[in-house]
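Below you'll find the structure, written out as structure tokens, and then a few comments.
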Amino acid sequence: MPGDDPIEVRKAKRAALIAQGTEPYARHFAVDTHVTELEERYAVLADGESTSDAVQIAGRIIAIRDQGKALFIVIRDVTGDIQLFCKIDTLGEESFAQAKDLDLGDWIGATGLVMRTRRGQLSVAPERIELLTKSLRPLPEKFHGLTDKETRYRQRYVDLIMNPEVREVFNRRFAIVAALRAAAMERGFLEVETPMLHPIPGGATAKPFVTHHNALDRDFYLRVAPELNLKRLLVGGFERVFEINRSFRNEGMDPQHNPEFTMLEAYQAYTDIHGIQQFTQELIQQACLAALGTLKISYQGTEVDLSGQWPSRTMIDLVSEAAGEEISFNRTLTELKTLANHYQIIYQEGWGKGKLITELYEKLVEGSLVQPTFVTEHPLETSPLAKKKAGSDEVTDRFELLICGREFANGFSELNDPIDQRERFAAQVAAKAAGDEEAMGFDEDYIRALEYGMPPAGGVGIGVDRLVMLLTDSASIRDVLLFPHMRDEA
Numbered sequence: 155m156p157g158d159d160p161i162e163v164r165k166a167k168r169a170a171l172i173a174q175g176t177e178p179y180a181r182h183f184a185v186d187t188h189v190t191e192l193e194e195r196y197a198v199l200a201d202g203e204s205t206s207d208a209v210q211i212a213g214r215i216i217a218i219r220d221q222g223k224a225l226f227i228v229i230r231d232v233t234g235d236i237q238l239f240c241k242i243d244t245l246g247e248e249s250f251a252q253a254k255d256l257d258l259g260d261w262i263g264a265t266g267l268v269m270r271t272r273r274g275q276l277s278v279a280p281e282r283i284e285l286l287t288k289s290l291r292p293l294p295e296k297f298h299g300l301t302d303k304e305t306r307y308r309q310r311y312v313d314l315i316m317n318p319e320v321r322e323v324f325n326r327r328f329a330i331v332a333a334l335r336a337a338a339m340e341r342g343f344l345e346v347e348t349p350m351l352h353p354i355p356g357g358a359t360a361k362p363f364v365t366h367h368n369a370l371d372r373d374f375y376l377r378v379a380p381e382l383n384l385k386r387l388l389v390g391g392f393e394r395v396f397e398i399n400r401s402f403r404n405e406g407m408d409p410q411h412n413p414e415f416t417m418l419e420a421y422q423a424y425t426d427i428h429g430i431q432q433f434t435q436e437l438i439q440q441a442c443l444a445a446l447g448t449l450k451i452s453y454q455g456t457e458v459d460l461s462g463q464w465p466s467r468t469m470i471d472l473v474s475e476a477a478g479e480e481i482s483f484n485r486t487l488t489e490l491k492t493l494a495n496h497y498q499i500i501y502q503e504g505w506g507k508g509k510l511i512t513e514l515y516e517k518l519v520e521g522s523l524v525q526p527t528f529v530t531e532h533p534l535e536t537s538p539l540a541k542k543k544a545g546s547d548e549v550t551d552r553f554e555l556l557i558c559g560r561e562f563a564n565g566f567s568e569l570n571d572p573i574d575q576r577e578r579f580a581a582q583v584a585a586k587a588a589g590d591e592e593a594m595g596f597d598e599d600y601i602r603a604l605e606y607g608m609p610p611a612g613g614v615g616i617g618v619d620r621l622v623m624l625l626t627d628s629a630s631i632r633d634v635l636l637f638p639h640m641r642d643e644a
């Protein structure tokens, strides 16, 4: 006997159904309507009024109330909840008894007439109920639900059942991604697909995941960014390309980082940093309007205005302003190291001025930029794929978009000089040899592509997950990923 174990009780019900010739896992059900469609169609149906309109609706049972000769079952479909008003004289004794034996969590299909109860509840009065899937594991208890964050992330399927607001976050995510795609395509960009397995890690400074290809008997790297392949397409003659891509970085996990994440990367021939900044702003504004209908939003209690033209500030101006003194390439390396020590920044001896200035900026400025701001003129040392700013050997035509103290986009005028690029790759290889695990590899084929000639271009990578966090007011990246990475379950 199953005793008091609810799973064993349900397994026994499953076995009994099979023994009597009833399949507990149906093959199909002809759904012809959903809850929101019924709510719209019968919005003016009076209390206590019945119709002769038959519908077929299906969903998961989330509530059952037994009142003897009447049974109220609430089912949830992809659009919402609706009540089934089950009466013994309509269903018949046998079918009514079978309905009473259903459990919370079971999937059922109902065929019946639309009505509204005297208390004003829109309902379907079933003439037939079909068990579609027998649930063997009980749902979390109604009043406490599924509240533990770790369990919610790990068992997202239960989280989606018990917390309807979670589904709304993901519905908004899908709308944001669709709006980004539409905005790029409206501007003449072609959506392309590039490989996830790379022979050389490149396109961003990050520690890669390594895997082994058995047939070729060599290691490959999960892509840290699709950048170099997308720019190869510019060499090949495409003018505007983009990819909404999954990229992978073998780094830590925190509220802003997941080992695999989604970016939109776009590259446009014949433009530069200014054109790609405008493109970035327009894409994000269009996504915000699609998801929220406004450009004035609130994130974790902070009001953010995404309307208008976003300002640009140079990194050196910002960090000098924050420190109350000049922090620039005019300072000696020793002076910059002294400043780093003063601000308790741990640095490596091989770092140059550019890396130290970047670290000082990240420590003193980055977290304070709340309203959307393009931070420009990043040091050459930290920008191995960006074109130098005209007349400078120290900074590049590169921007990062900061909102609420977080980076949302990284873009620049693309470096298309193969000689310069070769020297930058060599510097990255030297940095890797000195212990920098995030440095890029030397991609000889990419140099060869540039030698054929790449037109002047601008490119950008937009962090889709962070953008969804911003536009859904979510504190953690795990809240906007259907299946975030987790430590092993205890």
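With my numbering, the residue at position 374 of the sequence shown is 528, and numbering never jumps.
For glycine and all other residues, C-beta sits at the position ideal for the given N, C-alpha and C.
Is DSSP giving alanine 180 helix, strand or coil here? coil
Is aspartate 207 helix, strand or coil when you go by DSSP? strand
Entirely enclosed beta strand (DSSP E) segments - the segment 540-567, minimum 3 residues: 552-557 and 560-567
With distances taken between CB atoms, is the gap from valine 395 to tyrosine 421 smaller than 7 Å? yes
Does lysine 167 come out as helix, strand or coil in the three-state DSSP assignment? helix
Complete runs of the beta strand (DSSP E) confined to the segment 587-619 [at least 3 residues]: 611-617
Inter-residue spacing [alpha-carbon to alpha-carbon] between glycine 341 and glutamine 525: According to the sequence as given, residue 341 is arginine; it is not glycine. Approximately 26 Å, taken between the alpha carbons.
Do arginine 136 and alanine 563 have their CB atoms nearer than 7 Å? Not covered by the structure: residue 136. The range shown for the chain is 155 to 644.
Would you mind giving the Cβ-Cβ distance between asparagine 404 and phenylalanine 363, rounded to the nearest angstrom? I have them listed as a contact below 8 Å. 5 Å
Using DSSP bridges, identify the partner residues of aspartate 408. His411
Using the three-state DSSP reduction, which class does aspartate 313 fall into: helix, strand or coil? helix
Beta strand (DSSP E) segments (min. 3 residues) lying fully within the segment 481-533: Listed in chain order, the complete beta strand (DSSP E) runs (minimum 3 residues) inside the segment 481-533 are 527-530.
What does DSSP give as the partner residue(s) for lysine 303 in the beta ladder? DSSP lists no partner for lysine 303.
So leucine 418 and isoleucine 438 are in contact, right, with Cβ under 8 Å, and what is the actual spacing, rounded? Contact flag wrong, Cβ pair sits at about 10 Å.
Tell me the residue span of the alpha helix (DSSP H) that contains leucine 431. It should be noted that the sequence gives glutamine, not leucine, for residue 431. Run containing glutamine 431: 427-446, per the alpha helix (DSSP H) assignment.
Close-in-space but distant-in-sequence residues of the same chain around arginine 321 (CB under 6 Å, 5 per side omitted): Leu314
Cα-Cα separation between proline 349 and valine 519, rounded to whole angstroms: 36 Å
Alanine 629 versus glutamate 248: straight-line alpha-carbon distance, rounded: 51 Å
In chain order, what residues of the same chain lie with their CB nearer than 8 Å to the CB of arginine 620, ignoring the 5 residues before and after it? Gln410, Arg560, Glu561, Phe562 and Ile631
Is valine 622 closer than 7 Å to valine 634 when the C-beta atoms are compared? yes
Could you please give me the residues that DSSP links to lysine 450 through a beta bridge? Asp459
Within the continuous alpha helix (DSSP H) that includes methionine 469, where are the two ends? Unbroken alpha helix (DSSP H) run through methionine 469: 469-477.
Taking only three categories from DSSP, how would you classify methionine 640? coil
Between the segment 596-616 and the segment 380-388, do at least 3 Cβ pairs fall closer than 8 Å? Yes, the segment 596-616 is in contact with the segment 380-388.
Taking the alpha-carbon of isoleucine 430 as reference, which of Arg291, Gly613 and Leu493 has the nearest alpha-carbon? Gly613
Is alanine 580 near lysine 586, with beta carbons less than 7 Å apart? no
By the three-class DSSP mapping on this structure, what secondary structure does asparagine 383 have? Looking at asparagine 383 - three-state DSSP - the assignment turns out to be helix.
Run of the alpha helix (DSSP H) containing arginine 321, from where it starts to where it stops: Per DSSP, the continuous alpha helix (DSSP H) segment holding arginine 321 begins and ends at 318-340.
Find the nearest neighbour of alanine 200 within the set Arg270, Gln237, Gly266 and Glu162, judged by alpha-carbon distance. Arg270
Starting from the C-beta of serine 482, find all residues in its chain whose C-beta is less than 6 Å away, skip the five residues before and the five after it, and write them out in chain order. Ile470
Roughly how many whole angstroms lie between the Cα atoms of valine 268 and isoleucine 262? 17 Å
Tell me, to the nearest whole angstrom, how far the beta carbon of alanine 208 is from that of valine 185; I am working on the premise that it is less than 8 Å. With a Cβ gap of about 13 Å, alanine 208 and valine 185 do not count as contacting.
Pairwise C-alpha distance: leucine 245 and isoleucine 330: Rounded to whole angstroms, isoleucine 330 to leucine 245 spans 45 Å at the Cα level.
Are proline 533 and threonine 512 closer than 7 Å when you measure CB to CB? At a Cβ-Cβ threshold of 7 Å, proline 533 and threonine 512 count as neighbours.
With DSSP as the reference, label glutamate 345 as helix, strand or coil. strand
Check whether the Cβ atoms of aspartate 231 and histidine 188 sit closer than 7 Å, and answer yes or no. yes
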